[in-house]
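The opening position of the sequence shown corresponds to residue 303 in my numbering, with each subsequent residue numbered one higher.
Following: one structure in structure tokens, then a few remarks.
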Amino acid sequence: DLLESIDEKDFVLLNIKNTVWPYAEEKGRGNVLWPFRASLTGLERSPEPFTVADVLGKPETLKRLKIAVNMLQ
303 DLLESIDEKD
313 FVLLNIKNTV
323 WPYAEEKGRG
333 NVLWPFRASL
343 TGLERSPEPF
353 TVADVLGKPE
363 TLKRLKIAVN
373 MLQ
């Protein structure tokens, strides 16, 4: 929901980070950022998820996150 709130033309690294970071601080950075990274890349180690999301763009980022959520249900 957080990422869906960002307009596609504004879906860039800084806006992504500013949107997700407070939630990650509240819930625990490792609890949010590691699953975010793994959902986007399929890797345990990769560039930070904000950078990956910026490169992938909003539609692909949301698609990958939804796939990951569906795998967990």
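Ideal placement from N, C-alpha and C gives every residue a C-beta, glycine not left out.
Every value quoted in this text rests on a predicted model; they were computed, and no experiment measured them.
Which of the three DSSP states is assigned to residue i in this structure?
i	result
Pro349	coil
Phe338	helix
Leu304	coil
Gly359	coil
Asp312	helix
Gly332	helix
Check whether the Cβ atoms of residue i and residue j sit closer than 8 Å, and answer yes or no.
i	j	result
Leu374	Pro351	no
Ser348	Ala370	no
Leu304	Thr321	yes
Lys360	Glu310	yes
Val357	Thr343	no
>> With three or more C-beta pairs closer than 8 Å as the rule, is the segment 311-321 touching the segment 365-372?
In response: no
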